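Using my numbering, you'd call the opening residue of the sequence shown number 33 and step up by one each time.
We put the beta carbon where it would ideally sit given N, CA and C, even for glycine.
No experiment lies behind these values; they were computed from the predicted model shown.
Read through the structure below, which is laid out as structure tokens, and then see the notes.
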Amino acid sequence: MPSKLLRNEKKPMEEYLIFAAIGGLLLLTLFVNSVAEAYEQKQRQIRIKILRIKLSLDELSELLDAIKSCDVSDSIRDLITNEIMSRLQKIQALDRHFRGIEALIKEAGDEQEPAKKDENSLHVHNDAEFMKKMVLLRRLIKLFSSNNWYSKSNPKQRQECIFDLKLLRCEKIFQFYSDKAASDSEKGQYMVAREHYYYILHALKSSTITNNARVIELIEQAEFMMAEMKIKLTKKSTPNPNKEKPEATEEPAPQSSPS
Numbered sequence: 033m034p035s036k037l038l039r040n041e042k043k044p045m046e047e048y049l050i051f052a053a054i055g056g057l058l059l060l061t062l063f064v065n066s067v068a069e070a071y072e073q074k075q076r077q078i079r080i081k082i083l084r085i086k087l088s089l090d091e092l093s094e095l096l097d098a099i100k101s102c103d104v105s106d107s108i109r110d111l112i113t114n115e116i117m118s119r120l121q122k123i124q125a126l127d128r129h130f131r132g133i134e135a136l137i138k139e140a141g142d143e144q145e146p147a148k149k150d151e152n153s154l155h156v157h158n159d160a161e162f163m164k165k166m167v168l169l170r171r172l173i174k175l176f177s178s179n180n181w182y183s184k185s186n187p188k189q190r191q192e193c194i195f196d197l198k199l200l201r202c203e204k205i206f207q208f209y210s211d212k213a214a215s216d217s218e219k220g221q222y223m224v225a226r227e228h229y230y231y232i233l234h235a236l237k238s239s240t241i242t243n244n245a246r247v248i249e250l251i252e253q254a255e256f257m258m259a260e261m262k263i264k265l266t267k268k269s270t271p272n273p274n275k276e277k278p279e280a281t282e283e284p285a286p287q288s289s290p291s
């Protein structure tokens, strides 16, 4: 009888242990799943961050290649190459097994050597080239205005680059439209030439660096040439009173026929 009671007491104990084991396994499974889900979420975030950096690297590489045909300062080029290197190193830090990262870092290191500029492409010759350079300068200004930088570049240094880019933009506008105005002036199209100088004045006065000595000089030159076009236009439309009129020739009197 006592042995029977003992067996009856063991049975609930065994069932309790089984339930406890099953519960423990369930908890362990939930814990493992939560850890796996957290790891997968972290990896997903890393992949998204790497993708964003890679997309920005494509844009930076495109800009670096484009400035070879634009006379920007070496400091601007150096900041872009350093930023490319920093972003590649960030990718390597996030995923050291990222495919081809070492080769990309080596290629970026080679790009840090000064590149030769194409002197023939620095002067703007047509509307397509001019628009291309204006878009490039606008993109560079936007880049240096951003705070999303991985390299060690201070805001003051980037502000100096923005100023240089804005000044270069003013000079390109003056050069391109003054060339067009000179060409139209040679053809006697003084009204069209005057409109080109008017656009120069509007663009330069709309810039945020109108207190710069070089910009002031360009504005004064445009104002002078605009006034000169006005004088030429006035002379062209005003008849010259001193111009000699052709002398009238006397027609011989008709002779009477003999009767």
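L172 vs L95 beta-carbon contact at 8 Å: Yes, they are a contact pair.
Secondary structure of D211, DSSP reduced to three states: DSSP places D211 in helix when its eight states are reduced to three.
Member of D127, F208, F176, D216 whose CA lies at the smallest distance from the CA of R109: The shortest C-alpha separation from R109 is found at F176.
Close-in-space but distant-in-sequence residues of the same chain around S217 (CB under 8 Å, 5 per side omitted): So the list reads A225, M261, K264, once near-sequence residues are dropped.
Secondary structure, alpha helix (DSSP H): runs of 4+ residues fully inside the segment 75-119: For the segment 75-119, not a single whole alpha helix (DSSP H) run of length 4 or above is found.
I241: first and last residue of the uninterrupted alpha helix (DSSP H) it sits in: I241 -> no alpha helix (DSSP H), and no H or E assigned at all.
For R131, the three-state DSSP class (helix, strand or coil): Secondary structure of R131 (DSSP, three-state): coil.
Stretch pair the segment 180-192 + the segment 228-246: three plus CB contacts closer than 8 Å: The segment 180-192, when compared against the segment 228-246, does not touch it at the 8 Å Cβ threshold.
I251 to M223 span [Cα, whole Å]: Taken atom to atom, the span from the alpha-carbon of I251 to that of M223 is near 19 Å.
Backbone CA spacing between C193 and Q77 [nearest angstrom]: Taking the straight line from one Cα to the other gives about 33 Å.
Residue closest to C102, alpha-carbon to alpha-carbon, out of H155, I133, Q73, A68: It is H155.
Secondary structure of V67, DSSP reduced to three states: The three-state reading of DSSP puts V67 in helix, counting H, G and I together.
Contact set for R246: own chain, Cβ-Cβ below 6 Å, skip 5 residues either direction: None.
CB-CB length for L168 against A98, believed under 8 Å: A Cβ-Cβ distance of about 5 Å is found for the pair L168 and A98, placing them in contact under the 8 Å criterion.
Cβ neighbour criterion (16 or more within 10 Å) applied to T113: When all chains shown are included, T113 counts as buried.
Identity of the residue in D159, T266, R119, A140 nearest R84 by Cα: Closest option to R84, Cα to Cα, is R119.
Residue from H157, L89, R201, D106 with nearest C-alpha to A140: Ranked by how close their Cα comes to the Cα of A140, the residues H157, L89, R201, D106 have L89 in first place.
Reduced DSSP category for S183 - H, G, I as helix; E, B as strand; rest coil: It is coil, neither helix nor strand.
Between the CA atoms of S215 and Q221 - distance to the nearest angstrom: Rounded to the nearest angstrom, the gap between the Cα atoms of Q221 and S215 is 9 Å.
Cβ-based burial, S288 [other Cβ within 10 Å; buried from 16]: Because S288 sits at a pLDDT of 45, beneath the cut-off of 50, its placement in the model cannot be relied upon, and the following sentence gives the value as read from the coordinates. S288 should be labelled exposed.
Assigned secondary structure, S291 (DSSP; H/G/I helix, E/B strand, else coil): Caution is warranted here: a pLDDT of 36 is assigned to S291, below 50, making its placement in the model unreliable, and no coordinate value can be reported.
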